[in-house]
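Following: one structure in C-alpha cells, then a few remarks.
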Amino acid sequence: MDMALYDDTFDLFCQRLNDKDQPSLFEIGCGPGNISQFLLNQCPELTIHGSDLAPEMVELAKLNNPTARFEVMDCREIHKVDSRYDAIMCGFCLPYISRDDARKLIADASRLLRAEGIIYLSTMEGDEKDSGFDISSSGDRVFTHFHRGDYLTQYLTQSGFEIIDVKRKTYPKADGSETTDLFIVAQL
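Quick note on the UniProt record's numbering: the sequence shown kicks off at 1 and runs consecutively.
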C-alpha cells in the first residue's frame, strides 16, 4: 500500500495521539501492518495491539512491526477484547463488512476506548447497491461493501463520538472510472 496517498488523512489523528502520554492503540484489520508502521514512525511512544482475520497478514504485521502485538481476530468480534485504548485505527476494514456490521463495530469500538479516545475510519464511499464481488490483485474474489459518510457519522454520534474531521479523496481506477475514499476522525 502506498501510504503517501493517505499521509495527510493521518495528520490530525497522529497529532491527537502525540498529545497523550504513552498512548495505546487498537488496530482493526491491520493487514500487513503498513498503517501500524506509519503510526509508530510518527508516534514512537505508541503501544499497538493489532488484529486481522487473515493469519498471513498477522504474520506480516508482526515482521513489519516487531514492537507491536498482533493477533488473528474477526473485526466483528472486537467486543471480546477486554483492554481499553486511547485510540482505534480502522483503515479500510469497513469495505469487508456490511452496513449492519459497521454499525456494530462502531458501537463496540466506543466501548474499547478510554475517555476522550479517538477513532479513525476509512472506507470506499458509495451506494450499497454498488457493493459486489471484485477480483483482488492475487486473483481472489472478494465482496466489497461501499459505505456512505452520512450513516457512518450518524452511527458514530449515536455511540457517543463527536466528529472531528471528515475528508474525501477521489482516485482514478485502472478501468478509467473513479473511486471516492472517505476518512473520518471522531472523539469520545
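Think of the CB as a built atom: it goes at the ideal place given N, C-alpha and C, for glycine as much as any other residue.
In this structure S36 is in contact with I48, their Cβ atoms being roughly 5 Å apart against a cut-off of 8 Å. Excluding sequence positions up to five before and after D74, its CB lies within less than 7 Å of the CB of L53, all in the same chain and listed in chain order. Using a Cβ distance threshold of 8 Å, I164 and L46 do not count as a contacting pair. Of G50, R114, A107, L60, the smallest CA-CA separation from R84 is found for R114. Residue pairing by DSSP puts K169 in a beta bridge opposite D181. If you ignore the 5 residues before and after R69, its C-beta comes within less than 6 Å of the C-beta of H49, all in its own chain and listed in chain order.
Around L112, the same chain offers F26, I78, V81, S83, R84, Y85, I88 as residues with beta carbons nearer than 8 Å, after the five sequence neighbours per side are excluded. For T144, no alpha helix (DSSP H) encloses it; the enclosing beta strand (DSSP E) starts and ends at 141 to 144. For the 8 Å CB-CB criterion, K173 and D181 do not form a contact. The C-beta separation of T9 from K167 comes to about 6 Å, placing the pair in contact by the 8 Å criterion. Residue pairing by DSSP places R69 opposite H49 in a beta bridge. Annotation for Y151: the continuous alpha helix (DSSP H) segment containing it runs 149 to 158.
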